[in-house]
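For the sequence shown, counting from 1, position 16 maps to 16 in the UniProt record's numbering; every step adds exactly one.
Just below is one structure, and these are the notes that go with it.
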Amino acid sequence: MAIFVCSRPRPGSIFSGKMAAVSLYEPPVGGFSFENCRRNAILEADFAKKGSKLPMARKTGTTIAGVVYKDGIVLGADTRATEGMVVADKNCSKIHFISPNIYCCGAGTAADTDMTTQLISSNLELHSLSTGRLPRVVTANRMLKQMLFRYQGYIGAALVLGGVDVTGPHLYSIYPHGSTDKLPYVTMGECNVSLMFQNRLIY
Numbered sequence: 001m002a003i004f005v006c007s008r009p010r011p012g013s014i015f016s017g018k019m020a021a022v023s024l025y026e027p028p029v030g031g032f033s034f035e036n037c038r039r040n041a042i043l044e045a046d047f048a049k050k051g052s053k054l055p056m057a058r059k060t061g062t063t064i065a066g067v068v069y070k071d072g073i074v075l076g077a078d079t080r081a082t083e084g085m086v087v088a089d090k091n092c093s094k095i096h097f098i099s100p101n102i103y104c105c106g107a108g109t110a111a112d113t114d115m116t117t118q119l120i121s122s123n124l125e126l127h128s129l130s131t132g133r134l135p136r137v138v139t140a141n142r143m144l145k146q147m148l149f150r151y152q153g154y155i156g157a158a159l160v161l162g163g164v165d166v167t168g169p170h171l172y173s174i175y176p177h178g179s180t181d182k183l184p185y186v187t188m189g190e191c192n193v194s195l196m197f198q199n200r201l202i203y
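Spelled out as structure tokens, the structure:
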């Protein structure tokens with residue numbers, strides 16, 4: 001799972017300058033909240049007294065995330081590949097090379113994300129050879145969204161595209177139907193809601 005590290009606070013953000021004497025929001029120091037651990041220990045003890053066990057939570061699906069900081073981006077992904085409710089591979093790379101300055105995280109059908117990113121990577125390499133420059137992130141975004149839109153969602157690839165070019169760091173979320181968002185932080189996949197909440201607290 002990704003661990004996000006933020007750089008210095010930006011001027012004008014709620015974390016810079018002098019804070020008011022009364023603050024409604026205190027960001028968590030460690031990034032994680034362990035307040036439910038005690039509750040869980042009590043529940044486990046109660047269930048053990050009754051001679052039963054708590055049901056284990058089954059984790060399937062993909063979680064991919066990205067965040068922009070002052071001089072770059074951070075991309076993160078889990079390493080599980082699933083087939084329905086079964087974990088098929090515990091060490092699957094979901095961060096794909098696009099070009100030396102651009103990488104992409106993929107969620108969805110593994111074969112679709114692999115082949116889509118390989119195709120765009122080779123097309124961007126041809127683009128780089130013809131222009132003599134590193135490709136821009138917006139070029140990769142345009143190629144990916146046009147390809148996915150052409151197939152109207154039949155290619156099951158949800159992507160987080162990030163990179164740094166001459167215009168700075170960029171982060172895009174690309175959905176299987178071809179719609180895109182340019183965001184300062186993004187999560188996609190099954191654990192999307194909880195990670196998005198944590199990203200908002202950190203960012």
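Positions of the beta carbon are idealized from the N, C-alpha and C atoms, including for glycine.
All of these numbers come straight from a predicted model, not from anything done at the bench.
How many Å lie between residue i and residue j at the Cα?
i: ARG136; j: GLN118; result: 17 Å
i: TYR172; j: LYS50; result: 50 Å
i: CYS104; j: PHE97; result: 7 Å
i: LYS145; j: ASN91; result: 28 Å
i: PHE47; j: CYS37; result: 15 Å
i: MET75; j: ILE95; result: The displayed chain sequence assigns Leu, not Met, to residue 75. Each residue's alpha carbon lies about 8 Å from the other.
i: ARG10; j: ASP71; result: Its pLDDT being 49, under 50, ARG10 is placed unreliably in this model, and the value from its coordinates should be taken loosely. Near 12 Å, if we compare the C-alpha coordinates of ASP71 and ARG10.
i: THR113; j: ARG142; result: 16 Å
i: LYS53; j: GLU44; result: 7 Å
i: LYS182; j: VAL138; result: 10 Å
i: ARG39; j: THR109; result: 37 Å
i: GLU190; j: GLU83; result: 14 Å
Answer yes or no: do residue i and residue j have a C-beta to C-beta separation smaller than 8 Å?
i: MET188; j: ALA158; result: yes
i: GLY163; j: ILE73; result: yes
i: GLU66; j: VAL166; result: Note on identity: in this sequence residue 66 is Gly, with Glu being the wrong assignment. Against a cut-off of 8 Å, the Cβ pair of VAL166 and GLY66 comes out as no contact.
i: ALA107; j: ILE64; result: yes
In the DSSP output, what is residue i paired with across the bridge?
i: VAL188; result: It should be noted that the sequence gives Met, not Val, for residue 188. Its beta-bridge partners are ILE64.
i: ASP89; result: ALA81
i: ALA165; result: Strictly speaking, residue 165 in this sequence is Asp, with Ala absent from that position. Beta-bridge pairing links ASP165 to GLY168.
i: TYR69; result: GLY72
i: CYS105; result: ILE95, VAL160
i: ASP114; result: The partner list for ASP114 (beta bridge, DSSP) is empty, contrary to what the question assumes.
On the premise that residue j lies in contact with residue i, defined as a C-beta separation below 8 Å, what is that separation, rounded to the nearest angstrom?
i: LEU134; j: PRO100; result: 7 Å
i: LEU148; j: HIS177; result: 7 Å
Buried or exposed: where does residue i fall if 16 or more other Cβ atoms within 10 Å of its Cβ makes it buried?
i: THR79; result: exposed
i: PRO184; result: exposed
i: MET85; result: exposed
i: THR131; result: exposed
i: MET115; result: exposed
i: ILE120; result: buried
i: ILE42; result: exposed
i: ALA88; result: exposed
i: ALA140; result: buried
i: ALA77; result: buried
i: LEU124; result: buried
i: LEU129; result: exposed
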